[in-house]
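Worksheet: one structure, shown below.
Protein chains: 2
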Amino acid sequence: MLSDNRSMDSKMDETLSDFVHKSIKVNAEMQNSKKGPQNNKGSEHGKGKSGKFTLKTPKGTRDYGPVEMAVRRQVFDIIYNVFHMHGAVEIETPVFELKEVLTGKYGEDAKLIYDLEDQGGEILSLRYDLTVPFARYVAMNKISNIKRYHVARVYRRDNPAMTRGRYREFYQCDFDIAGQYDAMIPDAECVQLVHQVLLKLNLGDFIIKVNHRKILDGVFGACGVPVEKFRPICSAVDKLDKSPWEDVRKEMVDEKGLDGNVADVIGEYVKLSGKEELLEKLKNDARLKDSTDAQAGLSDLTLLYQYCKSLSCDNHLVFDMGLARGLDYYTGVIYEAVLMAGQTAKEGPVGSVAGGGRYDGLVGMFDPKKKTVPCVGVSFGIERLFAIHEQKQRADNDKLRSTQTEVFVAAACKGMIHERLKILGLLHEAGIKAESSYKNNPKILNQLQYSEDNAIPLVVLIGESEVQEGIVKLRDTATRAEVAIKREELVTVVKQRLANK
Amino acid sequence: MLSDNRSMDSKMDETLSDFVHKSIKVNAEMQNSKKGPQNNKGSEHGKGKSGKFTLKTPKGTRDYGPVEMAVRRQVFDIIYNVFHMHGAVEIETPVFELKEVLTGKYGEDAKLIYDLEDQGGEILSLRYDLTVPFARYVAMNKISNIKRYHVARVYRRDNPAMTRGRYREFYQCDFDIAGQYDAMIPDAECVQLVHQVLLKLNLGDFIIKVNHRKILDGVFGACGVPVEKFRPICSAVDKLDKSPWEDVRKEMVDEKGLDGNVADVIGEYVKLSGKEELLEKLKNDARLKDSTDAQAGLSDLTLLYQYCKSLSCDNHLVFDMGLARGLDYYTGVIYEAVLMAGQTAKEGPVGSVAGGGRYDGLVGMFDPKKKTVPCVGVSFGIERLFAIHEQKQRADNDKLRSTQTEVFVAAACKGMIHERLKILGLLHEAGIKAESSYKNNPKILNQLQYSEDNAIPLVVLIGESEVQEGIVKLRDTATRAEVAIKREELVTVVKQRLANK
């Protein structure tokens with residue numbers, strides 16, 4: 001789906017900013033202590049004394065070091081598993097598109113698109129999101145239905161605010177269902193999927209706000225908003241979650257020329273939120289009962305609620321009439337998932353972590369005959385989920401591991417390199433993740449310290465007497481307890497120990 | 001490591017070309033039959049009738065559809081597992097770098113670099129490989145040691161030969177060890193890692209050719225090649241695996257101005273290949289016994305052989321004096337893995353699928369004080385491995401799955417949508433991957449056909465009587481056998497069935 005992570009970003013409250021900031025800081029400290037990256041913000045200007053070049057990453061970008069990548073992999077694994085649970089397929093599109101494919105899709109944001117230099121040949125631009133390439137893919141291949149996910153980085157020449165986790169190059173993580181289907185069944189699946197991902201990520205309580213563009217349009221129409229002002233007024237409503245009603249009203253009246261009385265009536269509606277009983281109440285609302293749009297939207301949401309109940313994913317669902325979503329192209333159900341609180345009591349609400357909706361017109365923009373394919377989808381605010389997950393991991397363990405090593409093979413005396421390699425070969429053969437020092441004669445204390453620093457659970461320790469007797473010592477890094485075991489039993493014992501960890 | 005996949009590509013023989021070509025063709029056919037992508041080669045010019053734009057991907061790029069992505073994921077999972085076995089960490093760098101970071105690293109290939117348009121700000125280029133960004137990362141963060149992998153796409157404005165699997169945007173898969181360590185221990189680990197990956201991918205017999213730049217330099221020196229011609233002559237030797245000696249000799253003499261007699265002596269050496277006994281023989285060779293370089297290289301390789309024996313990965317190792325590797329920056333051990341045969345008897349050798357070596361000078365090019373960090377690494381020819389793996393998968397199964405769905409929930413009669421969703425919710429809750437139709441009243445034959453087409457192993461089938469009796473029918477897609485089971489036992493029975501699949 002056309003994901004507006006930027007809109008989520010701009011809603012980022014200070015609490016999350018703090019999260020991200022702290023994470024980056026802790027990370028930098030951790031990595032420094034390992035002689036790892038000293039600066040993750042891409043803003044280091046290490047002008048070489050040779051004067052040859054500035055040693056930095058481009059503005060608004062950064063390297064991801066081992067710890068960040070380990071966190072990313074954990075979060076992706078959880079989300080991929082849910083995608084596979086739903087039978088979604090994966091696609092990948094090129095990082096750049098013909099410039100004309102992107103033209104006319106992003107309105108005034110088009111100025112943020114990265115263009116490639118004209119080096120003779122086609123005029124290309126880096127992708128701005130994953131949705132326009134998806135719509136191009138569906139139209140170009142004349143696909144009538146697909147349920148796909150796509151996780152990749154996108155590019156925006158925005159003003160980076162890197163201390164708040166806002167970059168020019170960032171991941172998007174999209175799940176979309178394209179196809180002509182019966183009402184609300186794919187829409188309910190998107191809600192279920194968001195519900196499942198957030199439960200599995202275990203980031204605390206959340207709600208999934210839901211609304212419908214036709215309900216908003218019905219309200220606007222019934223309140224007397226002229227049709228040409230539907231989208232601008234909708235865009236003002238979208239600001240309700242970060243601005244008080246007074247500011248939103250001011251935008252409607254002063255900037256968008258809406259009659260003050262009309263704005264006041266809209267204000268009564270967009271403050272409403274509830275569950276199914278609110279849907280029922282609005283179906284009989286005096287202003288809305290003759291609005292075809294509003295009634296269609298309300299009956300869609302009623303059906304959505306019923307399907308979500310059958311799917312056991314209705315308990316976090318909140319019908320919020322103030323939810324508008326910024327983008328113009330939504331045509332039906334819209335939704336947004338919000339984490340309710342930080343990981344500790346004093347941390348406030350975290351904000352939007354996923355959003356999406358139905359957009360039935362976009363694929364048609366690419367089809368020569370304007371034949372369209374209805375779509376509904378969700379985009380996860382994955383960079384934000386990374387930051388929160390990392391924060392949570394740090395709270396749960398003292399150490400975030402960037403490797404998966406299970407056994408370190410150490411020598412207690414000199415001349416053990418071949419014996420260490422033999423044991424490494426043996427362990428790898430058995431599928432056990434094992435490392436050893438690259439030095440011929442490493443110091444025993446350094447080897448044990450390395451194992452502790454890297455939270456490697458087991459150490460196999462050998463010396464001359466062990467080699468002669470055909471045994472090894474197996475050391476538990478946490479307890480430092482050592483037992484002698486026969487070499488031929490090593491693999492079995494290690495596997496048992498690891499299974500009990 | 002600085003990976004020269006292009007050099008591997010150019011060695012691609014017709015047999016593999018056929019592989020890739022066939023794979024693409026079969027793929028396209030499979031996907032057409034599902035209304036999937038009709039053209040994967042990015043060369044479709046579907047000029048819209050609206051005249052608005054050409055519906056295609058940029059020249060030399062393509063979309064990856066569900067089947068290709070499933071193959072990619074399988075291959076990556078195997079390779080990642082081996083990387084983790086070695087305690088490697090993962091890093092990611094931006095897709096573009098400051099242009100000056102890439103300048104002066106690629107010689108005449110620099111003309112193939114994609115530049116971004118100057119939109120006010122920094123002058124940027126898309127990465128050309130993963131090694132220069134890695135060296136920049138190591139130098140910028142003052143890292144003294146790291147063992148990292150990096151899998152990502154790189155960009156080259158080459159003449160695409162897409163029917164032979166050669167694109168302008170393609171994956172590289174690099175594993176490198178940076179740090180000041182004792183001789184040959186990290187080098188042996190790289191050989192072991194290549195050995196493990198190729199065994200696990202199970203693509204048939206292979207050899208790992210090994211040579212040493214100092215041995216080559218020693219030979220050149222002892223034969224009377226002037227020092228300034230070492231690299232050009234080395235580059236000629238590199239062509240030995242696809243050209244006969246006569247052509248290589250011609251290049252040395254006619255193009256590179258080498259004395260014909262000197263070339264003839266070199267010819268005697270670079271045709272040699274063997275195992276350790278050849279190393280011993282050369283140590284006592286009349287011409288080489290006084291060459292410091294040659295002796296140092298020979299003694300390195302002797303040590304490498306010993307370490308590989310201890311690691312049980314010496315059985316595929318071949319000391320091949322004709323192995324030169326194209327790139328200039330190698331300073332020590334170089335190696336290249338070659339698959340010996342195609343998947344069927346009549347398919348010939350497949351060619352190079354991994355290569356690498358030691359490059360001790362590159363990081364120093366980025367350090368203001370020229371402080372360097374010795375590196376050794378390997379790059380897998382991952383696009384080639386994808387194609388071969390896909391070919392093998394097709395030979396093994398008739399159907400390559402692009403989803404992981406385990407259960408399809410089907411209805412035998414109308415009005416079952418809520419019951420289907422309840423069962424879906426139940427299965428997902430238990431971690432079982434399950435799908436159902438998006439239609440209110442799908443036809444039973446279509447549902448069963450979908451399950452067979454997509455190789456979904458089990459179907460849960462419900463009708464009115466099943467719902468009333470609190471049972472479901474569980475159907476095995478392969479045998480079409482059906483049994484009735486109690487609804488409360490569904491999860492347990494499905495899990496047992498899946499465990500036995």
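Residue numbers (the UniProt record's numbering), protein chains in the order written: chain X, 1 to 501; chain W, 1 to 501. We put the beta carbon where it would ideally sit given N, CA and C, even for glycine.
Give the straight-line distance between the Cα atoms of residue 69(X) and residue 92(W), rounded to the nearest whole angstrom. 7 Å
Residue 150(X) (DSSP reduced to helix, strand or coil): strand
Between the segment 356-376 of chain W and the segment 172-189 of chain W, can you find at least three pairs of beta-carbon atoms closer than 8 Å? yes
At least 3 beta-carbon pairs within less than 8 Å: the segment 361-371 of chain W vs the segment 395-415 of chain W: no
Buried versus exposed call for residue 261(X) [16 or more other C-beta atoms within 10 Å across all chains shown]: exposed
Would residue 33(W) pass as an interface residue toward chain X - the criterion being a Cβ-Cβ separation below 8 Å? With a pLDDT of 39 at residue 33(W), under the threshold of 50, the modelled position of this residue cannot be trusted, and the question is left open.
Look at the Cβ atom of residue 221(W), then the Cβ atom of residue 291(W), and state whether they are nearer than 8 Å. yes
On the three-pair Cβ rule with 8 Å, is the segment 200-212 of chain X touching the segment 328-342 of chain X? yes
Three-state secondary structure (DSSP) of residue 312(X): coil
Checking 8 Å against the spacing of the C-beta atoms, do residue 229(X) and residue 258(X) come in under that value? yes
Residue-level contact to chain X via CB, residue 139(W), 8 Å cutoff: yes
Start-to-end residues for the beta strand (DSSP E) that takes in residue 209(X): 206-212
Through-space distance from residue 77(X) to residue 498(W), alpha-carbon basis: 21 Å
Measuring only between beta-carbons, confirm whether residue 95(W) sits less than 8 Å from chain X. yes
For the segment 195-222 of chain X, enumerate the residues whose C-beta is nearer than 8 Å to any C-beta of chain W, in chain order. 196
Taking a Cβ distance cut-off of 8 Å, strictly less, list which residues of the segment 75-95 of chain X are near chain W, in chain order. 84, 85, 86, 87, 88, 89, 90, 91, 92, 93, 94, 95
Do residue 155(X) and residue 168(X) have their C-beta atoms closer together than 8 Å? yes
Alpha carbon of residue 94(X) to alpha carbon of residue 336(X), nearest angstrom: 28 Å
Can you find the residues in the same chain that come closer than 7 Å, C-beta to C-beta, to residue 501(W), ignoring five residues on each side of it along the sequence? 457
Could you compute how far the alpha carbon of residue 269(X) sits from the alpha carbon of residue 322(X)? 8 Å
Where do the ends of the alpha helix (DSSP H) carrying residue 80(X) lie? 66-85
Return no unless some Cβ of chain W is closer than 8 Å to the Cβ of residue 486(X). no
Please report whether the beta-carbon of residue 468(W) lies at a distance below 8 Å from any beta-carbon of chain X. no
If you draw a straight line from the C-alpha of residue 101(X) to the C-alpha of residue 111(X), how long is it? 15 Å
With distances taken from CA atoms, which of 403(X), 296(X), 479(X) is nearest residue 211(X)? 296(X)
Suppose you measure from the CA of residue 418(X) to the CA of residue 448(X); what does that come to, to the nearest Å? 19 Å
Just the Cα atoms here: how many angstroms apart are residue 414(W) and residue 440(W)? 8 Å
Could you check the C-alpha separation between residue 421(X) and residue 495(X) for me, to the nearest Å? 19 Å
Quick check: is the beta carbon of residue 389(W) nearer than 8 Å to any beta carbon in chain X? no
Just by C-beta distance, which residues in the segment 440-451 of chain X are closer than 7 Å to chain W? 440
Roughly how far, in whole angstroms, is the beta-carbon of residue 276(W) from the beta-carbon of residue 307(W), given that I think they are within contact range, below 8 Å? Their Cβ separation, rounded to whole angstroms, is 13 Å, which puts residue 276(W) and residue 307(W) out of contact at 8 Å.
In whole angstroms, what is the alpha-carbon distance linking residue 196(X) and residue 128(X)? 28 Å
Quick check: residue 71(W) and residue 389(W), are their CB atoms within less than 8 Å of each other? yes
Compute the Euclidean distance between the alpha carbons of residue 386(W) and residue 379(W), then round it to the nearest angstrom. 14 Å
Under the three-state DSSP convention, the category residue 238(W) falls into: helix
Residues of the segment 289-317 of chain X with a CB closer than 8 Å to any CB of chain W: list them in chain order, please. 306, 307, 310, 311, 312, 313
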